[in-house]
Amino acid sequence: MSAFDLIAGVLLVASALAAVTLKNAVHAGLALVGNFLVLATVYFALEAQFLGWIQIIVYAGAVMVLFLFVIMLLFDAKADVGTGRMPWMRPLAAALAAVFFLALAYAFSGVGPVHPLAEIKLAGGLPGPLGRLLYGPWLYVVLLIAVLLFAATVAAVVLVQPGVRGARKKFQVLERERELGEVDR
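Heads up, the sequence shown is in full-length UniProt numbering, so the first residue is 1 and it goes up one at a time.
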């Protein structure tokens with residue numbers, strides 16, 4: 001284990017913990033951007049330039065800029081942690097997280113040793129061998145991550161819902177005022 005591995009591991013764990021534990025949603029999003037950038041440097045160190053650039057362009061770039069824009073647009077940047085209306089949500093979330101991580105561990109346990117760098121290097125760094133590698137023996141892991149991303153999207157929609165109702169109410173009031181204004185003229 002080199003010094004780079006140790007520093008990258010500490011930075012990855014610290015930024016992931018910060019992304020999960022910070023109460024300010026913007027700061028948590030920035031910590032996640034830091035995590036994505038450190039992960040990209042790990043990919044570059046492993047000579048997986050394609051993955052490194054995809055990590056920077058897609059995740060640290062487009063996805064996180066979109067998330068931060070939505071967070072700053074819709075929320076007051078403070079998450080109401082622990083003040084939920086439904087006290088059963090935390091135990092349910094913990095149980096679902098445990099089930100998810102057990103499924104992820106099961107998916108990883110069924111996969112034999114893989115030498116992805118050798119396969120990708122032989123193909124000249126093209127994304128085709130990477131796709132075959134991901135959707136071959138790692139299919140269940142990719143599907144579990146897709147389910148996790150879908151759950152996160154549903155959670156984001158549910159979190160935004162009170163603001164949407166307020167926006168609808170404001171829109172209805174403006175429509176009524178516009179109709180009354182046209183009737184009065």
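Note that beta-carbon positions come from the ideal geometry of N, C-alpha and C, so glycine has one too.
{"Item": "Alpha carbon of residue 100 to alpha carbon of residue 92, nearest angstrom", "Value": "12 Å"}
{"Item": "Cα-Cα separation between residue 61 and residue 152, rounded to whole angstroms", "Value": "19 Å"}
{"Item": "As assigned by DSSP and simplified to three states, the class of residue 133", "Value": "helix"}
{"Item": "For residue 1, the three-state DSSP class (helix, strand or coil)", "Value": "coil"}
{"Item": "Residue 54 - containing alpha helix (DSSP H), residue span", "Value": "49-54"}
{"Item": "C-alpha gap between residue 44 and residue 52, whole angstroms", "Value": "6 Å"}
{"Item": "Same chain, Cβ closer than 7 Å to residue 127, five either side skipped, listed in chain order", "Value": "50"}
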